[in-house]
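Undergrad: Numbering (my numbering), first residue to last: 1290 to 1655.
Don't be surprised by glycine CBs; every beta carbon is placed ideally from N, CA and C.
All values reported here derive from a predicted model rather than from experimental measurement.
Got a structure for you, written out below as structure tokens; questions coming shortly.
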Amino acid sequence: MMKPELRIGLVGSGFMGRCHANAFHSVGGLFDLPFEPVCETLADISEEAAAQNAASMGFARATGDWRTICTDPAIDLVAVTAPNVLHEPIVLAALSAGKHIYCEKPLSTTLKSAQCMTTAAQKAGVVTMVGFNFLRNPMIRLARELIEAGEIGEVVSFRGRHAENYMADPDAPHSFRTDPDGGGALADIGSHIISMARYLLGPITQATGQCRTIHKTRPIASGSAEHSPVLVDDVTFALVEFESGAAGTIEANWAASGRTMDLSWEITGTKGALAFSQERMNELLLCKGSGGGRTSGFTKIEAGPSHPPYGNFCPAPGHHLGFNDLKVIEVAQLIDAIGGGINPGPDFQEALEVQKVVSKIATSCS
Ligand SMILES: NC(=O)c1ccc[n+]([C@@H]2O[C@H](COP(=O)([O-])OP(=O)(O)OC[C@H]3O[C@@H](n4cnc5c(N)ncnc54)[C@H](O)[C@@H]3O)[C@@H](O)[C@H]2O)c1
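Below you can see the structure in the form of structure tokens.
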């Protein structure tokens, strides 16, 4: 039997836009979903860019104006992969037309804006999802289950880090990521490790940080000799406390030479510990007890079909999922929620809670 269609309007065709498109195209072959996702219209900065990318990304139509997508009755879901400063206007326009929303992280550039978007989403009564894709990893789900089952006892500490090297080069130019209105390492990648900390250990009640700008100026565009000041952080360190009583540290660092995707953490409990790095995303390390003795220490758990939904992708262990697969899982969860299933989030409310922590840390630095 033919499934009803879920018609998608996507804004942006850069790194994340292509990742979303790939997920919408492949999810139906991997998950049993209530809808058939249909890539309807792609919006980008100009008609020309949109038309060119729509062809290569498998969209039926293209537009140089995202407002067209937001008001089009032929669109059910608006996916937002435009620069952060555009999230609010696009989302508010789409919400007022009753569209479901799939928005990239961070939800917005300021706490006020994120609050406004969350209130509007609640009023609209639609399904929202924010692209904290690293939470979709079966190994992260397993970690949460192990913590909840008391396998490492009472959690006492969290040491989390999101470290990458893409701004380590002083000649890396300005972009929307260095926009003083909501940019910086803390907002950009700190939001990922904060969402992860909340997913694993629950609410963060206290947060205080130190922000540092390592490269004081950057080229205004790639290869340009003209520089302008950098007004955001390259690295931020924070001390945090969880509602559970656990304490910890969080680092957001986009100038971490040698690190390509070290979204990593170590969680210590009274009966053991867990450790993970996205650079080895198919592995979770578990230590039972104190880790003393000749053969004890961390044991490597390797991802396989016994860690759902790995089996949807591959029947054999050790063959590994990749970054794009996390986006496919995210899209599957989103479509299931639109069909009336439980929304595992992060929805706008959860993304707002993440933004509150970002804001608390940023305020303590200023
Ligand atoms: N979830 C993740 O792991 C992850 C990773 C990278 C980026 N992101 C987020 O995704 C979003 C986009 O990041 P990116 O790396 O894809 O950026 P990008 O620069 O690669 O792509 C941005 C896209 O938006 C388009 N755009 C710019 N202005 C526009 C306008 N006025 N109207 C329509 N389109 C416009 C650009 O032309 C481009 O296609 C950001 O919010 C970022 O924080 C998330």
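Please report how far the alpha carbon of V1316 lies from the alpha carbon of H1376, in whole angstroms.
TA: Near 24 Å, if we compare the C-alpha coordinates of H1376 and V1316.
Undergrad: Please report the straight-line C-alpha distance between P1362 and G1347, rounded to a whole angstrom.
TA: Computed Cα separation, rounded: 20 Å.
Undergrad: Three or more C-beta pairs closer than 8 Å, one from the region 1398 to 1417 and one from the region 1622 to 1637: is that the case here?
TA: Judged by Cβ distances under 8 Å, the region 1398 to 1417 makes contact with the region 1622 to 1637, as three or more pairs qualify.
Undergrad: Pick helix, strand or coil for I1358, following the three-state DSSP scheme.
TA: Three-state DSSP puts I1358 in a helix.
Undergrad: Verify the contact flag: L1375, CB atom, against every heavy atom of ligand 1, threshold strictly below 7 Å.
TA: Checking the Cβ of L1375 against ligand 1 gives yes.
Undergrad: Can we count F1304 as close to ligand 1, meaning its CB is less than 7 Å from some heavy atom?
TA: Checking the Cβ of F1304 against ligand 1 gives yes.
Undergrad: Since G1582 and G1442 should fall inside the 8 Å C-beta cutoff, what is the C-beta to C-beta distance between them, to a whole number of angstroms?
TA: Rounded, the Cβ-Cβ distance is 18 Å, inconsistent with contact.
Undergrad: So the beta strand (DSSP E) Q1499 belongs to, where does it begin and stop?
TA: Per DSSP, Q1499 belongs to the beta strand (DSSP E) from 1493 to 1501.
Undergrad: Check whether the region 1436 to 1455 and the region 1497 to 1509 touch, using three or more Cβ-Cβ pairs below 8 Å as the test.
TA: Not touching, per the Cβ criterion.
Undergrad: Looking at E1532 and T1494, is the spacing between their C-beta atoms short of 8 Å?
TA: A contact, by the Cβ cut-off of 8 Å.
Undergrad: Out of M1570, I1379, S1648, G1479, state which residue places its alpha-carbon closest to the alpha-carbon of P1427.
TA: Measuring from the Cα of P1427, the nearest candidate turns out to be M1570.
Undergrad: Kindly list the residues whose CB is nearer than 6 Å to the CB of T1360, restricted to its own chain and excluding five residues on each side of it in sequence; keep chain order.
TA: These residues qualify, in order along the chain: A1386.
Undergrad: Assuming I1358 and V1327 form a contact by the criterion Cβ under 8 Å, report the distance between their Cβ atoms to the nearest whole angstrom.
TA: Actually they do not touch by this definition, with Cβ atoms about 14 Å apart.
Undergrad: With distances taken between CB atoms, is the gap from L1615 to L1435 smaller than 8 Å?
TA: Cβ distance not < 8 Å, so L1615 and L1435 don't count as in contact.
Undergrad: Could you give the uninterrupted runs of the alpha helix (DSSP H) lying entirely in the region 1464 to 1494, keeping only those of 4 residues or more?
TA: DSSP runs (the alpha helix (DSSP H)) wholly in the region 1464 to 1494: 1480 to 1490.
Undergrad: Since L1563 and M1418 are thought to touch, with beta carbons under 8 Å apart, how far apart are those beta carbons, to the nearest angstrom?
TA: Actually they are not in contact, since the Cβ atoms of L1563 and M1418 sit about 26 Å apart, beyond 8 Å.
Undergrad: To the nearest angstrom, how far is it from the Cα of E1337 to the Cα of G1353?
TA: Approximately 7 Å between the Cα atoms of the pair.
Undergrad: Can you look up P1378 in the DSSP assignment and give me helix, strand or coil?
TA: Residue state, collapsed to three classes: helix.
Undergrad: Is R1487 buried or exposed, if buried means 16 or more other CB atoms sit within 10 Å of its CB?
TA: With 16 or more other Cβ atoms within 10 Å, it is buried.
Undergrad: Would H1608 be called buried (16 or more neighbouring beta carbons within 10 Å of its own) or exposed?
TA: When all chains shown are included, H1608 counts as exposed.
Undergrad: Around the Cβ of T1285, are there at least 16 other Cβ atoms within 10 angstroms (buried) or fewer (exposed)?
TA: Given a span of 1290 to 1655 for the chain in the structure shown, any question on residue 1285 remains unanswerable.
Undergrad: Would you say L1475 and T1525 are within 8 Å of each other, going by their C-beta atoms?
TA: Cβ distance < 8 Å, so L1475 and T1525 count as in contact.
Undergrad: Report yes if the C-beta of E1294 is less than 7 Å from at least one heavy atom of ligand 1; otherwise report no.
TA: No, ligand 1 has no heavy atom inside 7 Å of this Cβ.
Undergrad: What does the alpha-carbon distance come out to for the pair G1578 and L1490?
TA: Between G1578 and L1490, the C-alpha separation is close to 20 Å.
Undergrad: Have a look at I1650 and G1498 and give me their C-alpha separation to the nearest angstrom.
TA: Cα-Cα distance, rounded: 5 Å.
Undergrad: Mind pulling the alpha helix (DSSP H) runs of 4 or more residues that sit fully within the region 1494 to 1552?
TA: None, since the region 1494 to 1552 contains no complete alpha helix (DSSP H) of that length.
Undergrad: Between which residues of its own chain and G1420 is the CB-CB distance below 6 Å, once the five residues before and five after are set aside?
TA: So the qualifying residues of the chain are E1393, K1394.
Undergrad: Counting C-beta neighbours from all protein chains within 10 Å, is the total for N1542 16 or more, i.e. buried, or is it exposed?
TA: So N1542 counts as buried.
Undergrad: Starting from the Cα of E1530, find the closest Cα among S1517, Y1391, I1483, L1641 and give me that residue.
TA: Considering only alpha carbons, the answer is I1483.
Undergrad: Indicate, with yes or no, if ligand 1 has a heavy atom lying under 7 Å from the CB of G1611.
TA: False, no ligand heavy atom lies under 7 Å from that Cβ.
Undergrad: Cβ of P1395 within 7 Å of any heavy atom in ligand 1?
TA: Flag set: Cβ of P1395 near ligand 1.
Undergrad: Which whole-angstrom value is the C-beta distance of H1481 and F1565, which I expect to be below 8 Å?
TA: Incorrect: roughly 13 Å between the Cβ atoms, too far for contact.
Undergrad: Please name the residue or residues paired with I1627 in a DSSP beta bridge.
TA: Looking at the DSSP assignment, I1627 forms no beta bridge with any residue, so it has no partner.
Undergrad: Could you tell me the boundaries of the alpha helix (DSSP H) in which M1346 lies?
TA: From DSSP, the alpha helix (DSSP H) with M1346 extends over 1336 to 1346.
Undergrad: Going by DSSP in three states, R1583 sits in which element: helix, strand or coil?
TA: Of the three classes helix, strand and coil, the one that applies to R1583 here is coil, per DSSP.
Undergrad: Could you check what DSSP says for E1294 in three-state terms: helix, strand or coil?
TA: E1294: strand per DSSP, three-state reduction.
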